[in-house]
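What follows is a single structure, written as C-alpha cells, with notes after it.
In C-alpha cells, the structure reads:
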C-alpha cells in the first residue's frame, strides 16, 4: 500500500527560556541599574540541555490514519531539494503511531545548528517523504553552554572555548553589565563572577578606570582566603628627618621651624654619624613590600661641610644588618639639592629599616658648619 504522510513540525527545545533568561544580544538601550526589577521567583538551571529536537507528524496510508508502529529514518540537508546531506542518518525504530499522530525526539549535533539553513527529510519503509525547512526555533541549540554566539551588529562575541569570553562594543557605556537578584533562600549573589587560571576578572583602561568598585555600607573590594592585593604601581612613603638620632655625643641635631633637621658638631672628631629609623610595614595585604629608592633633599653650610656616606640598612636575624643601598660619593652644596639612593633591584623588607649618615664638619659653628636634611621619602613597590 502506498504510504502518504501529512507531516508537520513542532520542534521543541527544553529549557530554551531558562537558557535565554537574562541574555539579550540585541540593540537594546543601556542598562539602568535603578530600573532593574527582581524576578517573581528564583530561577535556576541545574541540568544540561540535551542536543535533541522534537518532530511531530501525521501519517496516513491509503488516506486513512495509521495505527501501530513504524520504522522511520530522518536526515538533515543544507539545500531545499534535500540532496546535500548534513550529518548521519537518524533512525527511529518502532515509533508508536496513534490515529495517524506520532512524535519523536531526534538526536542531533549542535554543530549543525550554527546559523546555516537546514531542511529535514523523513523515510518510511523505503519511501522518502517531505523536504521541509527547519524554521528558527531549533537554532536555540546554539545557546547551550559551550556554544558560540556572535552578534555582528553589536560586536558581542561569546565562546567559552576561545581565549576571549566577551568582547563588547567600544562605543557602549558598559563593556559588561550584570545585576544579581534573588530570594531569601540565597544569601550570596554575584553581579560578575570570574574563575580562571590567571585572571578571574580582568580590567584594562588607557586613561580611565580599569576596575571600579563601590559599596554604600559593605566592602567594595575584598581579598579572601590566601589571596593578596597587589599593585604594579609604586608608593611614595614620606619620612621625617626629625626622628634622626646622633651616634656621637658631640653631634647635635636641632629641628627647624620648617620641619627640617640641622646637624652640627660641638667637638671632635670632624666626622660624625647619625641614624634615622624608618617606620614601615614589610608585609601589606598579603604581599611582600620592596624598597626601591631613597630620595632626600640636603644642603651644607659651606662647600667644605659634606655628607661622606649614606647607607640604607635593615636589621637581620643575626642581630646585624643587611645593606639595601649606599651613596659613597661626597654630597656638598650650599643650596637645596636632591640625592637618591637606589639598589640594583628592589629589596624585600624583612627587618627594621634605618639610614646611617656619615658627615664631615669643617668647624664647630652651628650657623656656619652644618648639614641640613629636608624633605625625604622612600619609594616602595610590591
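Numbering (the numbering used here), first residue to last: 50 to 431.
Backbone N, C-alpha and C fix where the C-beta goes; we use that ideal spot for every residue, glycine too.
Just so we're clear, the structure is a prediction, and the values are computed from it rather than from any experiment.
C-beta contact flag for residue i and residue j at 8 angstroms
i	j	result
residue 334	residue 278	yes
residue 322	residue 294	no
residue 422	residue 343	no
residue 127	residue 166	yes
residue 314	residue 300	yes
residue 331	residue 373	no
residue 305	residue 348	no
residue 121	residue 144	yes
residue 406	residue 319	no
Backbone secondary structure at residue i - three-state DSSP
i	result
residue 420	strand
residue 279	coil
residue 160	helix
residue 69	Any reading at residue 69 is ruled out, since the residue's pLDDT is 38, under 50, leaving its predicted position unreliable.
residue 395	coil
residue 429	strand
residue 318	coil
residue 291	helix
residue 105	strand
residue 329	coil
residue 310	strand
residue 372	strand
residue 354	coil
residue 183	coil
residue 151	strand
residue 143	strand
residue 299	coil
residue 245	coil
residue 165	coil
residue 456	Because residue 456 is not part of the residues shown, which for the chain are 50 to 431, the question remains open.
residue 435	Since the first residue shown for the chain is 50 and the last is 431, residue 435 is missing from the structure and cannot be characterised.
residue 385	coil
residue 138	strand
residue 413	coil
residue 263	coil
residue 338	coil
residue 349	strand
residue 250	coil
Residue from the options with nearest C-alpha to residue i
i	options	result
residue 430	424, 260 and 283	283
residue 358	331, 368, 377 and 366	377
residue 408	259, 352 and 397	352
residue 162	109, 108, 107 and 101	101
residue 336	281, 247 and 175	281
residue 366	425, 400, 389 and 273	400
residue 139	171, 132, 109 and 368	171
residue 317	307, 298, 325 and 303	298
residue 108	248, 303, 176 and 135	176
Residue i to residue j span [Cα, whole Å]
i	j	result
residue 104	residue 271	51 angstroms
residue 402	residue 361	7 angstroms
residue 385	residue 312	15 angstroms
residue 173	residue 119	7 angstroms
residue 169	residue 250	43 angstroms
residue 415	residue 260	54 angstroms
residue 310	residue 241	52 angstroms
residue 413	residue 289	25 angstroms
residue 158	residue 183	14 angstroms
residue 152	residue 267	55 angstroms
residue 130	residue 180	7 angstroms
residue 379	residue 363	23 angstroms
residue 418	residue 355	9 angstroms
residue 243	residue 125	38 angstroms
residue 106	residue 160	25 angstroms
residue 262	residue 255	18 angstroms
residue 87	residue 265	Because the pLDDT at residue 87 is just 43, under 50, the model does not fix this residue reliably, and the value given afterwards should be weighed accordingly. Going by the C-alpha atoms only, they are around 20 angstroms apart.
residue 285	residue 258	21 angstroms
residue 269	residue 369	42 angstroms
residue 55	residue 110	Low confidence applies to residue 55: its pLDDT is 49, below 50, so where it sits in the model is not reliable, and the reading given next is rough at best. Near 10 angstroms, if we compare the C-alpha coordinates of residue 110 and residue 55.
residue 287	residue 394	21 angstroms
residue 438	residue 246	Within the shown structure, residues of the chain are numbered from 50 to 431, placing residue 438 beyond reach of any answer.
residue 325	residue 307	18 angstroms
residue 273	residue 248	15 angstroms
residue 391	residue 375	8 angstroms
residue 424	residue 252	36 angstroms
residue 135	residue 141	17 angstroms
residue 371	residue 350	32 angstroms
residue 164	residue 341	56 angstroms
residue 381	residue 303	19 angstroms
For residue j and residue i, believed in contact at Cβ under 8 angstroms, the rounded distance
i	j	result
residue 147	residue 116	6 angstroms
residue 329	residue 404	Contact doesn't hold; Cβ gap of about 12 angstroms is too wide.
residue 155	residue 123	6 angstroms
residue 396	residue 339	6 angstroms
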